[in-house]
Amino acid sequence: MDKKDIPFLTATELSNLIASKELSPVEAAEAYLDRIDDLDFQFNSYLTVTREEALRAARQADIRGPMHGVPIAVKDQMWTKGIRTTGGSRILADFVPDEDATVIAKLKDAGAVLLGKTNLSEFAITPFSHRFSLPRNPWDLDLSAGGSSSGSGAATAAFLCATSLGEDTGGSIRRPAAWCGLVGMRPTWGLVSRYGLMKGIWSMDTVGPISRSVADAAITLGAIAGHDHKDPYSWNKPVPDYLGALDGDISGVRIGVVSELLHDEVVEPETRDVVQRAIAVLGELGALVEEVSIPLTAHANTVSSILLAAEPAQNQREWVLDRLEDYGHDNRIGLLVGSLMPGVAYLKAQKLRSMLRQQVHETLENYDVLVSPTAGRPAVARQDDPVITSKEMAGRMPYMRTNTFNLSSTPAVSVPCGFNSGSLPIGLQVAGRPGGDATVLKVAHAYEQATSWHTMRPPHA
1 MDKKDIPFLT ATELSNLIAS KELSPVEAAE AYLDRIDDLD FQFNSYLTVT
51 REEALRAARQ ADIRGPMHGV PIAVKDQMWT KGIRTTGGSR ILADFVPDED
101 ATVIAKLKDA GAVLLGKTNL SEFAITPFSH RFSLPRNPWD LDLSAGGSSS
151 GSGAATAAFL CATSLGEDTG GSIRRPAAWC GLVGMRPTWG LVSRYGLMKG
201 IWSMDTVGPI SRSVADAAIT LGAIAGHDHK DPYSWNKPVP DYLGALDGDI
251 SGVRIGVVSE LLHDEVVEPE TRDVVQRAIA VLGELGALVE EVSIPLTAHA
301 NTVSSILLAA EPAQNQREWV LDRLEDYGHD NRIGLLVGSL MPGVAYLKAQ
351 KLRSMLRQQV HETLENYDVL VSPTAGRPAV ARQDDPVITS KEMAGRMPYM
401 RTNTFNLSST PAVSVPCGFN SGSLPIGLQV AGRPGGDATV LKVAHAYEQA
451 TSWHTMRPPH A
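If you count by full-length UniProt numbering, then the sequence shown holds residues 1 to 461, one letter each, in order.
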């Protein structure tokens, strides 16, 4: 195989070729590293490329499972021993951890090869403040790659890694996935350790895969999931065979279409039409589909915004007091608001969250999964830390449909489901019960394999 063709394989295809010794981990790593050198100036997807470390790991790789020798990129929010970890902030521009985050250690144990650390918005608590460079979307270089896992989205869509890790507090895996035409999985809260992850909201932060197929997401999730004694909130349960669950059969699966997330004025008509056609495909595959109402989803974005202001302001209190000017504009505003927010507002948001979570979980007693658009519109224009000048600008992403499932601690995946008239990708969101990650992936995979959207290549990749 020509080395230049290697990056266009899926992670699962690459894994199989390495396992059969038709391709070596060194050849795979070199192919991706050369492509990064040649093309990443267009996308700004990496903050740090670990060429020497990657080649050393590839030479030493032993066959250990489906991630053996697979080149992966990880969001620069996760500690990497001996490798700069900035959190996307100039405050930590020179921070080098002395140990790996648990997910990094698990990837290494699985035989994956770390290509580097991907770009992100500052501390992953804003979609707008990129402090080093502004990532570009491979579908249109003038558009956003999504946030906060923008670099992981851009790198995966541009074939600059085989698969990647992002982190999702309010949609930061699923938004880049939807806007870059990828599969992005926010696992059940607690399924994946957060030890060594720079935190935003402790009860919502979740590490998960951004990949080019559901199967790739399944093997990536399988490598990082599982109990960790360093994270007392991680689940102490066996990790299912996520790849094995992808049998394509969703006959009789009960699917609820969340009407508030679909029939909202912030969902553009083209996006609604594309998603409704995707939902029809699920019905054609044998699923039992009907609309369902979850009234409090209408308040999910507001609740999430309050928590995402208050908790990071407390987490970073010393920096807010001593180094406020070192933050990007968007984060300065958000952290100041969070610092001044009355406790009663935070308490009310937590009460609403509890009520919303109860509504979601009660609905999932009658349905296996819930579906909606991932976002109410395709990618927006790239904005380099725009100045907030009005109340309207402060709530700049009302179109996101992701927060409900972060607040309810449930798994959710975004899978490509079509394009708008401007040839921009649109995502279908599939969510399930806590611990029902395999079912969520199963439904997403069945849809994916019944359509061709996941095979489309961005024009700039």
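Every residue, glycine too, gets a C-beta built ideally from N, C-alpha and C.
Note that this is a predicted model, so its numbers are computed, not measured.
For residue i, the three-state DSSP class (helix, strand or coil)
| i | result |
| --- | --- |
| Val192 | strand |
| Asn366 | coil |
| Lys3 | helix |
| Phe405 | helix |
| Glu265 | coil |
| Glu22 | coil |
| Ser129 | coil |
| Val344 | helix |
| Gly283 | helix |
| residue 498 | No statement about residue 498 is possible, as the shown extent of the chain runs from 1 to 461 and does not include it. |
| Thr374 | coil |
| Leu160 | coil |
| Met78 | strand |
Continuous alpha helix (DSSP H) stretch holding residue i: start and end
| i | result |
| --- | --- |
| Ala19 | 11-19 |
| Ser339 | 329-340 |
| Ala73 | Element bounds for Ala73: not the alpha helix (DSSP H) but the beta strand (DSSP E), 71-75. |
| Tyr399 | Per DSSP, Tyr399 belongs to no alpha helix (DSSP H) and is neither H nor E. |
| Leu312 | Note on identity: in this sequence residue 312 is Pro, with Leu being the wrong assignment. Its alpha helix (DSSP H) spans residues 300-315. |
| Thr439 | 437-450 |
| Pro135 | No alpha helix (DSSP H) contains Pro135, which DSSP labels as neither H nor E. |
| Pro176 | 174-180 |
Alpha-carbon to alpha-carbon, residue j and residue i
| i | j | result |
| --- | --- | --- |
| Phe123 | Gly256 | 34 Å |
| Val320 | His454 | 42 Å |
| Glu270 | Met400 | 15 Å |
| Val337 | Ala310 | 8 Å |
| Glu13 | Val413 | 21 Å |
| Glu265 | Val96 | 46 Å |
| Ile306 | Ser339 | 11 Å |
| Ile201 | Glu30 | 37 Å |
| Leu335 | Ser121 | 14 Å |
| Trp235 | Gly208 | 15 Å |
| Gly286 | Ala218 | 23 Å |
| Ile83 | Thr102 | 15 Å |
| Gly69 | Asp241 | 20 Å |
| Pro295 | His445 | 29 Å |
| Val281 | Thr50 | 42 Å |
| Lys75 | Lys199 | 13 Å |
| Asn44 | Gly151 | 7 Å |
| Val267 | His299 | 15 Å |
| Arg382 | Asp140 | 10 Å |
| residue 468 | Thr439 | Examination of residue 468 is not possible in this model, given that the chain is present from 1 through 461 alone. |
| Ala431 | Val253 | 13 Å |
| Thr410 | Trp79 | 25 Å |
| Arg90 | Asp40 | 21 Å |
| Glu99 | Lys81 | 4 Å |
| Ser251 | His263 | 26 Å |
| Gly88 | His130 | 7 Å |
Check whether residue i and residue j have beta carbons under 8 Å apart
| i | j | result |
| --- | --- | --- |
| Pro66 | Ala54 | no |
| Thr10 | Asp326 | no |
| Val192 | Ala225 | yes |
| Thr297 | Leu356 | yes |
| Gly146 | Asn403 | no |
| Tyr233 | Gly196 | no |
| Val275 | Leu428 | yes |
| Leu221 | Met185 | yes |
| Thr126 | Asp322 | no |
| Arg59 | Val26 | yes |
| Phe128 | Pro386 | yes |
| residue 463 | Ala154 | Lying outside 1 to 461, the shown extent of the chain, residue 463 is not represented and no answer is given. |
| Lys117 | Leu47 | yes |
| Ala278 | Tyr447 | yes |
| Val303 | Val369 | no |
Boundaries of the beta strand (DSSP E) in which residue i is found, first to last residue
| i | result |
| --- | --- |
| Gly151 | Not the beta strand (DSSP E): Gly151 falls in the alpha helix (DSSP H), residues 150-157. |
| Val257 | 254-258 |
| Phe419 | 412-419 |
| Thr48 | 46-49 |
| Arg186 | 183-186 |
| Thr163 | 163-168 |
| Glu325 | Unbroken run through Glu325: none, as it is neither H nor E. |
| Val289 | 288-292 |
Within-8 Å CB hit, residue i to chain D
| i | result |
| --- | --- |
| Thr439 | Protein chain content of the structure displayed is limited to a single chain, and chain D is not contained in it. |
- Item | Whole runs of the alpha helix (DSSP H) within the region 209-250, excluding any shorter than 4 residues | Contiguous alpha helix (DSSP H) elements confined to the region 209-250 occur at 214-224, taking only those with 4 or more residues.
#### Entry: Any alpha helix (DSSP H) of 4 or more consecutive residues that is wholly inside the region 85-124
102-109
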